[in-house]
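Chains as they are written, first to last, in the working numbering: chain A, 7 to 335; chain B, 9 to 348; chain C, 6 to 321.
From the three backbone atoms N, C-alpha and C, an ideal C-beta is built for every residue, glycine too.
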Amino acid sequence: MNKNTTENQTPILTVEKLKKYYPIKKGIISRTVGQVKAVDGLDFSIYPGETLALVGESGCGKSTTGRAIVQLDPPTEGKVVFRGKEMASLSGAELRKARTDLQIIFQDPYSSLNPRKRIGDLLAEPLLAHQLAEKSEVSKKVDDILEIVGLNKYHRSRYPHEFSGGQRQRIGIARALILQPKLIVCDEPVSALDVSIQAQVLNLLKDLQKDFQLTYLFIAHGLGAVKYISDRIAIMYLGKIVELAKTQDIFKNPRHPYTQALLHAYPIPNPHLRNRERIVMEGDVPNPANPPKGCGFHTRCPLAKDICREQIPGLTGTNHSVACHFPVG
Amino acid sequence: MEKNFLEVDKLQVAFRTDKGEVVSVDEVTFQLKQGETIGIVGESGCGKSVTSLSVMRLLGRTGMIKKGSIQFNGKDLTKLSEAQMREIRGNEISMIFQEPMTSLNPVFTIGNQMLELIHLHMNMSKSEARAYAIEMLKKVGIPRAEQLIDEYPHKLSGGMRQRVMIAMALSCKPSLLIADEPTTALDVTIQAQILELMKRLRQESNTAIMIISHDLGVIAEMADKVLVMYAGQVVEEADVFTLFDEPKHPYTKGLMESIPHLEHDSQKKLFSIPGTVPNLHMMPKGCRFHDRCPYATEKCVTEQPPLLSIPDNHNHRVRCWLLDEQQQQTPTDSRSEVIA
Amino acid sequence: MFPYIMRRLLIAIPVLFGVTVFSFFIVNLAPGNPVEMFISPDATQADIELKKEALGLNDPIYVQYLRWMQNLLQGDFGYSFSTYAPVGEMVASRVLPTLLLMGTALLIAYIVAIPIGVLSATRQYSWLDYLTTGFSFMGISIPNFFLGLGLIYIFSVQLNLLPTGGMNTLGGDGSFGDTLKHLLLPAFVLATGIAGSMVRYVRSSMLEILGQDYLRTARSKGLREFLVVNKHAFRNALIPIITVIGMDIPLLIGGAVVTEQIFQWPGLGQLTIQSIGSRDYPTLMAINFIAAITVLLSNLLADILYSVADPRIKYN
Chain A
7 MNKNTTENQT PILTVEKLKK YYPIKKGIIS RTVGQVKAVD GLDFSIYPGE
57 TLALVGESGC GKSTTGRAIV QLDPPTEGKV VFRGKEMASL SGAELRKART
107 DLQIIFQDPY SSLNPRKRIG DLLAEPLLAH QLAEKSEVSK KVDDILEIVG
157 LNKYHRSRYP HEFSGGQRQR IGIARALILQ PKLIVCDEPV SALDVSIQAQ
207 VLNLLKDLQK DFQLTYLFIA HGLGAVKYIS DRIAIMYLGK IVELAKTQDI
257 FKNPRHPYTQ ALLHAYPIPN PHLRNRERIV MEGDVPNPAN PPKGCGFHTR
307 CPLAKDICRE QIPGLTGTNH SVACHFPVG
Chain B
9 MEKNFLEVDK LQVAFRTDKG EVVSVDEVTF QLKQGETIGI VGESGCGKSV
59 TSLSVMRLLG RTGMIKKGSI QFNGKDLTKL SEAQMREIRG NEISMIFQEP
109 MTSLNPVFTI GNQMLELIHL HMNMSKSEAR AYAIEMLKKV GIPRAEQLID
159 EYPHKLSGGM RQRVMIAMAL SCKPSLLIAD EPTTALDVTI QAQILELMKR
209 LRQESNTAIM IISHDLGVIA EMADKVLVMY AGQVVEEADV FTLFDEPKHP
259 YTKGLMESIP HLEHDSQKKL FSIPGTVPNL HMMPKGCRFH DRCPYATEKC
309 VTEQPPLLSI PDNHNHRVRC WLLDEQQQQT PTDSRSEVIA
Chain C
6 MFPYIMRRLL IAIPVLFGVT VFSFFIVNLA PGNPVEMFIS PDATQADIEL
56 KKEALGLNDP IYVQYLRWMQ NLLQGDFGYS FSTYAPVGEM VASRVLPTLL
106 LMGTALLIAY IVAIPIGVLS ATRQYSWLDY LTTGFSFMGI SIPNFFLGLG
156 LIYIFSVQLN LLPTGGMNTL GGDGSFGDTL KHLLLPAFVL ATGIAGSMVR
206 YVRSSMLEIL GQDYLRTARS KGLREFLVVN KHAFRNALIP IITVIGMDIP
256 LLIGGAVVTE QIFQWPGLGQ LTIQSIGSRD YPTLMAINFI AAITVLLSNL
306 LADILYSVAD PRIKYN
């Protein structure tokens with residue numbers, strides 16, 4: 007894996023001031039009375055060959071970000087620049103090309119595959135749709151990709167329900183991979199899988215990254231898998247990035263109180279540590295339709311002071327950035 | 009030493025399906041003392057939920073206990089009538105479930121659902137019951153309990169709903185609380201809150217807990233002793249410290265190695281158990297883990313290993329032929345071999 | 006809630022307007038005209054023209070429509086072309102019998118169908134389930150005219166127990182018992198079809214609920230199965246059922262054209278057939294108009310009931 011990914015390189019994907027708002031409608035004529043700020047001004051870059059993880063609890067906007075980047079759910083505001091081109095400005099052939107280079111894998115392998123299609127057809131479909139292969143080559147390409155993701159060519163005539171969860175996720179990966187993308191958005195790809203299967207899929211993703219020079223945006227709600235697969239981690243809370251740093255730094259030297267609490271919340275599979283001192287955060291995540299004034303985290307933050315209730319802290323710092331008035335350490 | 013108040017002995021549970029009867033839980037044996045917490049860990053389909061539902065005798069129309077007994081406070085639950093069982097459910101044994109979002113009835117208020125239980129098992133007047141329900145809600149950390157009791161479940165977050173479920177489950181002061189993946193559907197920070205709450209309430213009430221989870225972290229946090237289940241059987245049983253310090257069964261070891269823990273060297277490949285959990289309709293002969301086990305021998309393929317105590321610790325039981333051989337030959341630490 | 010109802014009512018106005026325009030033109034498209042229908046065969050062409058002129062039938066259709074609308078806005082439905090009676094009164098006299106007939110039919114249907122549907126769902130794939138499924142499909146598929154004529158033949162002609170038609174015995178005392186006797190057969194015929202589809206609906210709606218997690222919670226509390234099914238499950242299954250009931254309400258007014266005709270029931274359905282036969286435009290339009298209002302209001306009512314039954318739904 008690239009160790010110095012963040013320096014002296016052109017990013018493959020840059021996100022600037024990305025916002026995704028959903029209107030709240032009310033009244034006799036359905037006028038818009040407010041907005042759910044699902045994603046509220048994100049800035050980050052991903053460099054070729056690295057894995058950037060977006061981590062946060064449900065409702066923090068991580069999946070919305072992923073969907074906005076691949077233009078499944080186009081952003082309300084802000085830019086998504088992929089390989090030097092702004093996605094929103096692309097059209098026709100350029101957009102189609104960008105779409106093949108930028109793929110997404112979903113959390114639920116059960117519902118993201120059409121149950122009435124054979125695996126072979128499911129995998130051939132994107133190739134034919136994007137006219138990336140001659141009719142005669144398609145079948146070979148499908149066989150190859152099945153082999154690459156750890157299935158075999160005899161699986162091509164089967165239907166999705168004949169596979170286990172882990173195998174279906176392999177099919178999801180194959181479908182993204184067959185277009186030879188440059189960047190894959192992995193939206194919680196292992197959350198629905200059993201522990202022993204999670205490890206299989208994570209290993210596969212890591213091997214594929216090496217073999218095909220892939221870049222990942224890895225979206226997850228837990229830190230376990232992320233620790234293993236990512237080079238850098240962005241921690242999200244209420245639609246904003248609160249901390250962004252190299253993986254080791256996030257784990258060894260978390261600076262945002264939320265990141266700290268998140269690390270503390272993780273149950274450790276070692277009973278000798280069960281009575282350790284730890285921070286247990288009180289309360290729930292605030293409603294994104296009605297976020298608190300100032301820093302979004304102040305309602306649960308043990309360190310909150312007056313300024314936190316008034317002013318929104320910006321994300322500062324170059325290598326280890328944190329959005330907090332009183333960062334730790 | 010305290011007496012066991014729950015003794016499950018050689019439990020076998022089967023379900024009727026279109027393809028005939030399938031045994032989903034086989035030869036499950038364990039004991040539980042007052043105030044003790046037992047953790048049942050395993051992957052989906054290993055029979056951990058079915059085991060807990062059989063203690064409640066809530067196996068639905070297709071499920072039935074075929075063999076074995078469940079002794080609970082001197083009664084064999086498998087022999088009780090449905091009416092006698094209803095006296096026990098929610099009263100002496102209660103249960104919380106994985107999905108707090110769907111475990112409460114959406115069309116009745118929190119109070120309505122709590123009072124229904126209180127009136128069923130406790131002799132209280134209407135106003136007493138309401139006051140008691142509010143007290144229970146406060147105990148589990150529900151803010152503004154006096155107002156929230158009249159709200160519908162959809163007004164609460166997942167964490168809050170799981171608190172309501174816990175309040176309800178503990179209302180009748182049960183001697184056993186079954187928690188089936190109580191935090192799996194929740195966010196990590198909320199999971200930590202709920203686990204803390206369960207620990208606190210356990211201390212206050214001395215309720216025994218049977219906690220079911222696929223997450224070894226949750227088990228390590230909560231359990232006094234652990235059952236590891238695989239394909240419907242217990243493959244290893246030990247107190248929590250022994251299990252995590254010296255796991256013996258290749259499956260237990262594999263499971264522990266597959267978790268990317270925080271100290272994991274990200275350059276090293278994550279250990280993974282090859283293959284998938286066998287289908288209930290096609291259980292392998294011999295040891296059920298043999299087709300995924302790196303050490304499988306001829307004997308493992310043909311003969312089913314029994315669950316036996318290891319010589320130096322009779323409370324540590326393992327279902328593996330390997331152990332048998334190790335005992336005969338020189339015992340080696342096989343931990344490093346598993347990783348290789 | 007209130008703004009929601011207001012919005013729905015406001016939206017209903019253009020819809021209602023559209024319905025009147027549409028039906029006015031459709032009604033006029035039918036071949037033949039009222040004058041030819043009721044004037045005696047030996048009337049001269051001049052007589053016919055005179056009559057048409059008097060009724061305003063020679064004006065362009067849009068002029069006729071605007072005239073009709075103008076009267077309607079003043080609460081006047083006009084006069085029947087065939088009986089010359091005020092349409093308003095004519096229709097009003099027919100509403101009550103139809104309400105009585107359809108109300109009884111719906112009541113019978115629901116009282117029978119809902120418990121059967123619940124039972125059928127809780128015993129899915131049992132002989133009872135197969136039996137009710139068989140009967141409900143029979144109820145849905147038997148044409149009302151066939152069942153009606155069959156019942157008249159058996160109970161009126163052969164057994165001589167019940168009257169063949171009408172609402173009261175001619176020259177009878179007009180007592181409630183007498184009306185009831187007349188009501189029995191047509192109400193039963195109508196109820197079979199409604200009950201048949203209702204059983205299917207309740208069954209599928211219950212089946213969906215019976216797998217829900219909160220029923221397992223209810224059982225784990227030690228609740229009796231009877232309460233688990235009839236309180237916890239049924240209350241939820243009721244939510245989609247309410248929609249179906251809401252859609253049945255217009256039947257109360259629209260009546261059952263065929264059944265009323267067979268049993269000579271003096272309701273709106275029969276009036277509809279008569280006015281179609283005589284191309285009685287004002288009467289037809291009035292019936293259409295009332296039907297449209299009923300449909301719109303009952304849809305609104307169903308949505309309101311929906312939010313009452315399901316606390317998760319709040320309109321604003």
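Nearest residue (CA-CA) to residue i, options the options
i, options, result
"proline 80 of chain A", "A:Ser69, A:Gly90, A:Arg164", "A:Ser69"
"isoleucine 116 of chain C", "C:Asp64, C:Phe27, C:Thr197, C:Phe268", "C:Thr197"
"glutamate 83 of chain A", "A:Ala44, A:Asn259, A:Gln113, A:Val148", "A:Ala44"
"phenylalanine 204 of chain B", "B:Met230, B:Phe249, B:Leu185", "It should be noted that the sequence gives glutamate, not phenylalanine, for residue 204 of chain B. Nearest of B:Met230, B:Phe249, B:Leu185 to glutamate 204 of chain B, Cα basis: B:Met230."
"threonine 5 of chain C", "C:Pro271, C:Leu276, C:Pro255, C:Ile295", "Limits of chain C in this structure are 6 at one end and 321 at the other, which puts residue 5 of chain C out of reach."
"glutamate 92 of chain A", "A:Glu194, A:Leu19, A:Ala99", "A:Leu19"
"threonine 284 of chain B", "A:Cys301, A:Ser236, A:Val232, A:Ser170", "A:Ser170"
"proline 91 of chain C", "C:Val100, C:Asp81, C:Arg99", "C:Asp81"
"glycine 71 of chain B", "B:Arg138, B:Ile142, B:Phe23, B:Glu29", "B:Phe23"
"glutamine 241 of chain B", "B:Gly166, B:Glu29, B:Phe38, B:Met264", "B:Phe38"
"tyrosine 89 of chain C", "C:Pro39, C:Ile247, C:Tyr130", "C:Pro39"
"lysine 83 of chain B", "B:Lys74, B:Val148, B:Val63", "B:Val63"
"threonine 197 of chain B", "A:Pro333, A:Ala267, A:Lys103, A:Leu48", "A:Ala267"
"leucine 189 of chain A", "A:Leu211, A:Lys32, A:Glu63", "A:Leu211"
"valine 33 of chain B", "B:Glu15, B:Cys54, B:Leu66, B:Gln42", "B:Cys54"
"arginine 176 of chain A", "A:Gln41, A:Leu119, A:Ala240", "A:Leu119"
"alanine 251 of chain A", "A:Leu321, A:His278, A:Arg124", "A:Leu321"
"glutamate 90 of chain B", "B:Asp158, B:Leu67, B:Met109", "B:Leu67"
According to DSSP, residues forming a beta bridge with residue i
i, result
"aspartate 84 of chain B", "B:Gln79"
"threonine 86 of chain A", "Rather than threonine, the amino acid found at residue 86 of chain A in this sequence is valine. Paired residue(s): A:Val21."
"arginine 37 of chain A", "A:Lys32"
"arginine 401 of chain B", "Since the first and last residues shown for chain B are 9 and 348, residue 401 of chain B lies out of range."
"cysteine 192 of chain A", "A:Ile111, A:Phe224"
"asparagine 321 of chain B", "B:Ile318"
"glutamine 201 of chain B", "In the DSSP output, where bridge partners are listed per residue, glutamine 201 of chain B has none listed."
"alanine 44 of chain A", "Alanine 44 of chain A is not bridged to any residue."
"arginine 24 of chain B", "B:Glu29"
8 Å contact criterion, which residue i and residue j should meet: CB distance rounded
i, j, result
"isoleucine 75 of chain A", "valine 191 of chain A", "6 Å"
"methionine 203 of chain C", "alanine 114 of chain C", "6 Å"
"isoleucine 104 of chain B", "methionine 168 of chain B", "In fact, because the Cβ distance is near 13 Å, the residues do not count as touching under 8 Å."
"alanine 238 of chain C", "methionine 211 of chain C", "6 Å"
"isoleucine 235 of chain A", "threonine 106 of chain A", "Isoleucine 235 of chain A to threonine 106 of chain A, Cβ: 23 Å. No contact."
Status (buried if at least 16 other CB within 10 Å, exposed otherwise) for residue i
i, result
"isoleucine 179 of chain A", "buried"
"glycine 323 of chain A", "exposed"
"lysine 11 of chain B", "exposed"
"glutamate 345 of chain B", "Here glutamate 345 of chain B scores only 36 on pLDDT, less than 50, and its place in the model should not be relied on; the value that follows carries that caveat. It counts as exposed."
"serine 102 of chain B", "buried"
"aspartate 26 of chain B", "exposed"
"isoleucine 353 of chain B", "With chain B represented from 9 up to 348, any question about residue 353 of chain B goes unanswered, as that position is not in the structure."
"leucine 220 of chain A", "buried"
"leucine 44 of chain B", "Checking the sequence shown, residue 44 of chain B turns out to be glutamate, not leucine. By the 10 Å Cβ count, glutamate 44 of chain B comes out buried."
"methionine 252 of chain C", "exposed"
Any non-hydrogen atom of the ligand NAP closer than 8 Å to residue i Cβ
i, result
"cysteine 328 of chain B", "The ligand NAP is absent from the structure shown, which contains no ligands of any kind."
- Item | Touch test, the region 285-304 of chain B against the region 215-233 of chain B, Cβ-Cβ under 8 Å, three pairs minimum | no
- Query: Do the region 108-115 of chain B and the region 205-223 of chain C meet, that is, are 3 or more Cβ pairs less than 8 Å apart?
  - Reply: yes
- Touching by the beta-carbon criterion (3+ pairs, under 8 Å), the region 309-319 of chain C and the region 65-73 of chain C: no
- Query: Can we say the region 217-236 of chain A touches the region 310-326 of chain A, given the rule of at least three CB pairs closer than 8 Å?
  - Reply: no
- Indicate whether the contact test is met: 3 or more Cβ pairs, each with one atom in the region 190-209 of chain B and one in the region 280-289 of chain A, closer than 8 Å. yes
- Query: So does the region 98-114 of chain A actually touch the region 151-170 of chain A, counting three or more Cβ pairs closer than 8 Å?
  - Reply: no
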